[in-house]
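In order, the protein sequences belong to chains A and B.
Using the numbering used here, read the first sequence as starting at 40 and increasing by one per residue.
Using the numbering used here, read the second sequence as starting at 40 and increasing by one per residue.
Note that beta-carbon positions come from the ideal geometry of N, C-alpha and C, so glycine has one too.
Note that the structure is a prediction, hence the values are computed from the model and not measured.
There are 2 protein chains.
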Amino acid sequence: MAKTGRGNEKNMSGVSRREMLKIMGAGAIGTLFPGAGHGQSSGSFSTSGGDGLIFLVGDGMPLGVIKGMHQVRTRVYGEKGTNFYSKMKAPYSMVGYMSTESLSSIVTDSAPASVTWSTGVKTLNRVMASLPDGRPLKTIMELVKEQGYACGLVTTTRVTHATPAAWITHQLNRDNEDAIALDYLKFKPEVLMGGGSRFFDPLRRKDGKDLFKGFSNEGYDVVRERADLLNPEIGSSKKSLLGIFTSSHISYYLDRLNQAELGKKQPTLPEMTRVALQKLSKNPKGFILQVEAGRIDHANHSNDAWAAILDTCELDLTLAVIDEYLKANPKTIVIVTSDHGTSGWGINGTGPEYNDSIEALKKYQPIKASFEVIKTRLKKEMALAEIKDVFEYFTTFRITDEEASMIQAAMQPDYRPFHGDYVFQPDAVMGKILAHSLYDKRKGMMEGPALIRRGNVGFTSTNHTGEDQILLSYGYKANQLGLNRHVDNTYLFTAMCKFFGIQHQNPTMTEEEAKPFIKTASLEEWRRHMELHIA
Amino acid sequence: MAKTGRGNEKNMSGVSRREMLKIMGAGAIGTLFPGAGHGQSSGSFSTSGGDGLIFLVGDGMPLGVIKGMHQVRTRVYGEKGTNFYSKMKAPYSMVGYMSTESLSSIVTDSAPASVTWSTGVKTLNRVMASLPDGRPLKTIMELVKEQGYACGLVTTTRVTHATPAAWITHQLNRDNEDAIALDYLKFKPEVLMGGGSRFFDPLRRKDGKDLFKGFSNEGYDVVRERADLLNPEIGSSKKSLLGIFTSSHISYYLDRLNQAELGKKQPTLPEMTRVALQKLSKNPKGFILQVEAGRIDHANHSNDAWAAILDTCELDLTLAVIDEYLKANPKTIVIVTSDHGTSGWGINGTGPEYNDSIEALKKYQPIKASFEVIKTRLKKEMALAEIKDVFEYFTTFRITDEEASMIQAAMQPDYRPFHGDYVFQPDAVMGKILAHSLYDKRKGMMEGPALIRRGNVGFTSTNHTGEDQILLSYGYKANQLGLNRHVDNTYLFTAMCKFFGIQHQNPTMTEEEAKPFIKTASLEEWRRHMELHIA
Numbered sequence: 040m041a042k043t044g045r046g047n048e049k050n051m052s053g054v055s056r057r058e059m060l061k062i063m064g065a066g067a068i069g070t071l072f073p074g075a076g077h078g079q080s081s082g083s084f085s086t087s088g089g090d091g092l093i094f095l096v097g098d099g100m101p102l103g104v105i106k107g108m109h110q111v112r113t114r115v116y117g118e119k120g121t122n123f124y125s126k127m128k129a130p131y132s133m134v135g136y137m138s139t140e141s142l143s144s145i146v147t148d149s150a151p152a153s154v155t156w157s158t159g160v161k162t163l164n165r166v167m168a169s170l171p172d173g174r175p176l177k178t179i180m181e182l183v184k185e186q187g188y189a190c191g192l193v194t195t196t197r198v199t200h201a202t203p204a205a206w207i208t209h210q211l212n213r214d215n216e217d218a219i220a221l222d223y224l225k226f227k228p229e230v231l232m233g234g235g236s237r238f239f240d241p242l243r244r245k246d247g248k249d250l251f252k253g254f255s256n257e258g259y260d261v262v263r264e265r266a267d268l269l270n271p272e273i274g275s276s277k278k279s280l281l282g283i284f285t286s287s288h289i290s291y292y293l294d295r296l297n298q299a300e301l302g303k304k305q306p307t308l309p310e311m312t313r314v315a316l317q318k319l320s321k322n323p324k325g326f327i328l329q330v331e332a333g334r335i336d337h338a339n340h341s342n343d344a345w346a347a348i349l350d351t352c353e354l355d356l357t358l359a360v361i362d363e364y365l366k367a368n369p370k371t372i373v374i375v376t377s378d379h380g381t382s383g384w385g386i387n388g389t390g391p392e393y394n395d396s397i398e399a400l401k402k403y404q405p406i407k408a409s410f411e412v413i414k415t416r417l418k419k420e421m422a423l424a425e426i427k428d429v430f431e432y433f434t435t436f437r438i439t440d441e442e443a444s445m446i447q448a449a450m451q452p453d454y455r456p457f458h459g460d461y462v463f464q465p466d467a468v469m470g471k472i473l474a475h476s477l478y479d480k481r482k483g484m485m486e487g488p489a490l491i492r493r494g495n496v497g498f499t500s501t502n503h504t505g506e507d508q509i510l511l512s513y514g515y516k517a518n519q520l521g522l523n524r525h526v527d528n529t530y531l532f533t534a535m536c537k538f539f540g541i542q543h544q545n546p547t548m549t550e551e552e553a554k555p556f557i558k559t560a561s562l563e564e565w566r567r568h569m570e571l572h573i574a
Numbered sequence: 040m041a042k043t044g045r046g047n048e049k050n051m052s053g054v055s056r057r058e059m060l061k062i063m064g065a066g067a068i069g070t071l072f073p074g075a076g077h078g079q080s081s082g083s084f085s086t087s088g089g090d091g092l093i094f095l096v097g098d099g100m101p102l103g104v105i106k107g108m109h110q111v112r113t114r115v116y117g118e119k120g121t122n123f124y125s126k127m128k129a130p131y132s133m134v135g136y137m138s139t140e141s142l143s144s145i146v147t148d149s150a151p152a153s154v155t156w157s158t159g160v161k162t163l164n165r166v167m168a169s170l171p172d173g174r175p176l177k178t179i180m181e182l183v184k185e186q187g188y189a190c191g192l193v194t195t196t197r198v199t200h201a202t203p204a205a206w207i208t209h210q211l212n213r214d215n216e217d218a219i220a221l222d223y224l225k226f227k228p229e230v231l232m233g234g235g236s237r238f239f240d241p242l243r244r245k246d247g248k249d250l251f252k253g254f255s256n257e258g259y260d261v262v263r264e265r266a267d268l269l270n271p272e273i274g275s276s277k278k279s280l281l282g283i284f285t286s287s288h289i290s291y292y293l294d295r296l297n298q299a300e301l302g303k304k305q306p307t308l309p310e311m312t313r314v315a316l317q318k319l320s321k322n323p324k325g326f327i328l329q330v331e332a333g334r335i336d337h338a339n340h341s342n343d344a345w346a347a348i349l350d351t352c353e354l355d356l357t358l359a360v361i362d363e364y365l366k367a368n369p370k371t372i373v374i375v376t377s378d379h380g381t382s383g384w385g386i387n388g389t390g391p392e393y394n395d396s397i398e399a400l401k402k403y404q405p406i407k408a409s410f411e412v413i414k415t416r417l418k419k420e421m422a423l424a425e426i427k428d429v430f431e432y433f434t435t436f437r438i439t440d441e442e443a444s445m446i447q448a449a450m451q452p453d454y455r456p457f458h459g460d461y462v463f464q465p466d467a468v469m470g471k472i473l474a475h476s477l478y479d480k481r482k483g484m485m486e487g488p489a490l491i492r493r494g495n496v497g498f499t500s501t502n503h504t505g506e507d508q509i510l511l512s513y514g515y516k517a518n519q520l521g522l523n524r525h526v527d528n529t530y531l532f533t534a535m536c537k538f539f540g541i542q543h544q545n546p547t548m549t550e551e552e553a554k555p556f557i558k559t560a561s562l563e564e565w566r567r568h569m570e571l572h573i574a
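Printed below as a string of structure tokens:
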């Protein structure tokens with residue numbers, strides 16, 4: 040996309056999401072995106088004989104954003120319900136809570152969170168499937184692969200990002216994504232899909248290796264575009280599959296919905312999941328598949344409520360595809376969870392008696408792009424008038440000079456927000472402005488019904504948070520695994536071993552033993568990591 | 040307490056919480072307060088024949104503050120665990136989730152939230168046990184009383200506050216607390232304990248009625264001080280009990296721990312609960328008891344993390360008393376929940392790799408008073424130096440002139456915070472300053488281990504929030520009530536009816552039917568309500 044300001048608006052998709060809704064005569068996001076719903080063209084599921092385990096992660100998906108997604112779908116778009124809530128309420132489902140501390144912090148990073156699931160062991164923030172002293176930990180994917188099960192990883196982040204990678208790699212620093220891509224080539228998962236071509240492309244890798252060729256040489260189908268993925272031959276091919284659709288992360292669902300060129304090139308999470316299940320279920324013994332809606336976390340880091348809601352919506356639509364699979368393959372268990380909270384996330388009560396809360400939530404609806412996209416149009420040299428124009432174009436909200444100044448200030452290199460933990464800028468400032476439920480001043484300090492101008496989702500920071508996360512499971516043997524109470528995240532490894540009938544105990548270290556291995560980064564180095572993390 | 044500034048510090052309790060810890064040679068909050076633990080002097084429990092239902096509410100207690108309490112107890116005070124987490128993990132416990140929407144808003148007020156439990160019906164924000172059109176709804180307490188069960192209400196708020204009152208009263212506006220006190224006199228619950236003497240005292244009531252005398256005339260024991268409550272004769276007396284210990288709400292647990300005169304006069308929630316159970320269990324048929332840790336909500340409205348953590352701690356200590364009761368009386372069920380979230384509440388990841396998160400949480404420990412108390416020492420005319428001194432005295436943190444200016448500005452009558460929903464001031468500004476994890480500047484922008492000065496709990500607003508709340512139940516018939524999944528808050532009425540073998544269906548209204556009855560207050564009127572709410 041072009042990088043200058045307002046003049047390029049014609050480069051944006053000519054059809055806004057709102058207009059699409061109108062065209063399609065439907066209020067449901069679910070019907071918006073081709074193939075997001077049921078029965079799409081790339082094929083239905085046949086019955087296989089093996090046992091399947093689907094592990095669905097909403098990265099950084101605290102309770103608040105799940106509820107936000109549900110309220111938007113039901114109250115704003117008028118849908119009857121959501122898959123998430125149907126499952127949470129179903130008599131056959133198990134619901135529980137999960138604690139998420141790592142070995143170095145009560146607030147975990149995604150790396151050790153995913154390591155607890157994949158190995159049953161706590162390690163330090165940033166470390167992958169290894170103990171703090173470097174001893175590698177055997178992962179559930181390594182264990183089941185030895186027994187002949189197929190393995191798959193699907194994500195909307197770079198495939199080399201921490202959450203999927205921790206199921207396979209033993210790198211001591213999650214940022215070694217070049218090395219992680221090589222680890223994948225060595226491990227050979229049957230399905231690997233997401234973003235991150237920069238770690239496969241010989242022109243972008245530091246070692247100049249061509250990993251696309253590498254996977255191809257190992258007998259993989261390699262796809263780079265949505266259209267190729269949806270080609271029925273890919274689903275029915277007996278080869279393993281590498282699908283890498285973007286240089287870095289897959290775009291936010293919000294942006295794929297609004298920019299036709301993105302939506303055309305990049306598949307949805309439900310689409311990737313469908314093809315993954317078609318392929319993995321060919322293994323007669325069975326499979327394990329991790330599916331990650333990985334950018335809910337990023338949107339929350341950015342305090343971008345609407346992008347977070349829509350990425351959570353994409354996770355919800357994925358549940359429908361999984362349900363379809365379960366109908367044909369009842370010997371499958373589904374585990375849904377989140378690795379940690381990100382940035383708090385609350386729908387704040389709005390207006391007198393909180394009675395304007397729904398109206399305020401509705402105000403996010405006309406937003407045309409994620410902060411990730413809006414930021415590409417904002418420049419630190421811009422005049423206030425230009426900032427106001429850009430903000431209005433993408434959000435429909437005309438902001439004040441004072442608000443534009445706040446955005447301008449937050450873009451300057453020397454900007455240090457008062458609240459030290461709001462590191463993602465100007466994102467957090469934009470999030471704050473959007474959550475500012477301004478009332479119509481013409482009527483005085485407000486009487487009668489809602490006259491609010493903006494949304495109401497608030498954030499506690501731009502960092503991860505320490506509260507417990509949701510745990511939902513259903514399907515084959517779900518009632519035998521002890522997931523219907525409060526568990527530590529390490530217990531999920533135990534439960535998965537139980538499902539597969541595997542016994543394995545990795546070595547552990549105590550917090551005290553781990554301390555000498557904690558190498559705390561400088562704040563500047565940490566900032567660079569954080570920027571890389573979501574960019 | 041005197042209302043002027045620093046000069047009165049000697050009027051404060053001479054013994055700080057820290058010094059108390061030292062004196063008592065214990066790191067556990069649980070051992071701090073006389074009678075908070077097990078086996079205290081006011082007597083143990085004998086076995087009764089009836090069925091008991093204990094409904095324990097943490098008002099405005101989202102997941103984040105429960106976790107904060109657990110982390111503080113285990114990581115800061117070195118305790119082995121908490122009652123809350125033991126119960127959440129116990130194989131015999133049922134855990135679930137609960138949605139909290141009211142009929143007028145996706146973000147509920149405490150009044151209709153409590154009405155859903157007590158009647159199974161959704162109504163408008165601020166309305167008590169009635170439909171929006173005024174039709175009264177029969178409450179579970181009315182239903183069980185008719186069948187001969189005893190009823191009890193215990194809270195740390197005014198007893199006339201919405202959460203306890205909705206189990207009995209049908210007032211259309213929760214703020215009619217004078218009338219609610221009269222409704223209690225009419226209903227005659229066997230136990231009624233908490234704060235709020237101003238609605239019982241003839242000198243404070245608008246109608247001049249003496250409700251203490253009124254209850255006394257109806258055969259109640261009336262107690263006004265902790266010492267009287269702990270008199271064994273009260274526990275063993277066959278009379279009903281009215282215990283009103285403060286003019287408005289009971290002080291925060293934090294302030295009762297730090298100010299000896301408060302702790303001496305006002306009982307703890309565990310103490311009130313113990314006496315309530317002793318009395319109610321005398322009824323051979325059984326009883327229903329609502330116990331509310333009602334000020335977690337207030338502390339969260341004020342963005343006062345430490346006060347919220349300690350009030351949640353008091354709820355946790357109450358669980359121990361209840362457990363003791365259950366051992367002697369196994370035909371008892373316990374339901375623990377929260378009516379809604381308040382102000383988001385997240386322990387933010389702190390510092391590089393989030394590795395300073397525990398250190399930051401520890402920084403709350405030396406705080407000597409709630410914002411409620413600190414505010415009585417801050418005056419809007421104060422110079423910055425004075426504001427800095429007061430803040431430092433109570434928190435130990437020396438703030439900057441800029442920070443003191445923020446507090447000063449937030450105290451001015453015309454103050455309008457940018458973020459429109461941070462209505463409680465200067466509370467929210469103080470909360471923000473405390474959550475500002477400043478690093479030691481001498482070492483440059485930070486290298487090496489934690490050098491942070493302050494805490495890390497962030498808030499999304501000073502309002503209620505819309506996410507689902509925790510649901511925990513255990514004891515008699517707990518596994519027969521369907522509370523081990525996601526339920527709507529109205530379902531708790533159904534579950535309680537099931538427990539008591541009662542069949543009752545109240546009339547309902549749809550959101551559409553309710554709309555004409557929504558009378559939205561002006562913002563100014565709402566502000567007055569909010570101030571009254573927590574003051």
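- prompt: What residues in the stretch 383-417 of chain A bring their beta carbon closer than 9 Å to a beta carbon of chain B?
  reply: 383, 384, 385, 386, 387, 388, 389, 390, 391, 392, 393, 394, 395, 396, 397 and 400
message: How far does the alpha helix (DSSP H) with residue 336(B) in it extend, from its first residue to its last?
response: 335-340
query: Taking the C-alpha atoms as reference points, what is the distance between residue 565(B) and residue 391(A)?
result: 5 Å
query: Using the beta-carbon count (16 or more within 10 Å), is residue 187(A) buried or exposed?
result: exposed
- prompt: Would you call residue 451(B) buried or exposed, if buried means 16 or more other Cβ atoms sit within 10 Å of its Cβ?
  reply: exposed
field: Own chain, CB closer than 7 Å to residue 131(B), minus 5 neighbours either side, in chain order
entry: 513
field: Beta-carbon spacing of residue 171(B), residue 556(B) below 8 Å
entry: Yes, Cβ-Cβ distance for residue 171(B) and residue 556(B) is below 8 Å.
- prompt: residue 221(A) to residue 201(A), Cα distance in whole Å?
  reply: 14 Å
task: Give me the Cβ distance between residue 110(A) and residue 386(A), rounded to the nearest whole Å; I'm assuming they're in contact under 8 Å.
output: Sure, about 7 Å apart at Cβ, within 8 Å.
query: For residue 244(A), which residues of its own chain have a beta-carbon under 6 Å away from its beta-carbon, when the five flanking residues on both sides are left out?
result: 217
- prompt: List, in order along the chain, the chain A residues whose C-beta lies closer than 8 Å to that of residue 525(B)?
  reply: What residue 525(B) touches in chain A: 124, 127, 128 and 134.
Closer than 8 Å to chain B by CB, residue 507(A): yes
Cβ of residue 340(A) within 8 Å of any chain B Cβ: Cβ-Cβ to chain B under 8 Å: no for residue 340(A).
query: From this set, 501(B), 495(B), 124(B) and 92(B), which residue's C-alpha is nearest residue 500(A)'s C-alpha?
result: 495(B)
query: In chain order, which continuous runs of the alpha helix (DSSP H) of length 4 or greater are located wholly inside the stretch 236-298 of chain B?
result: 250-256, 265-268, 271-275 and 292-297
- request: Give the range of the beta strand (DSSP E) segment to which residue 539(B) is assigned.
  value: Element bounds for residue 539(B): not the beta strand (DSSP E) but the alpha helix (DSSP H), 530-539.
query: Under the three-state reduction of DSSP, which class applies to residue 525(A): helix, strand or coil?
result: strand
field: Proximity test, Cβ basis, 8 Å: residue 502(A) and chain B
entry: yes
8 Å Cβ cut-off: residues of chain B touching residue 164(A): 392, 393 and 394
Residues near residue 523(A) by beta carbon distance below 6 Å, same chain, minus five either side: 133 and 135
task: Leaving out five residues on either side along the sequence, give the residues of the same chain with a beta carbon under 7 Å from the beta carbon of residue 177(B).
output: 158, 543 and 545
- prompt: Taking three-plus beta-carbon pairs below 8 Å as touching, is the stretch 347-361 of chain B in contact with the stretch 117-124 of chain A?
  reply: no
Residue 565(B): contacting residues in chain A (beta-carbon distance under 7 Å): Residues of chain A passing the Cβ test: 391 and 392.
- prompt: What residue from 466(B), 236(B) and 492(B) has the CA that sits closest to residue 340(B)'s CA?
  reply: 466(B)
query: Helix, strand or coil: which one does DSSP assign to residue 544(B)?
result: coil
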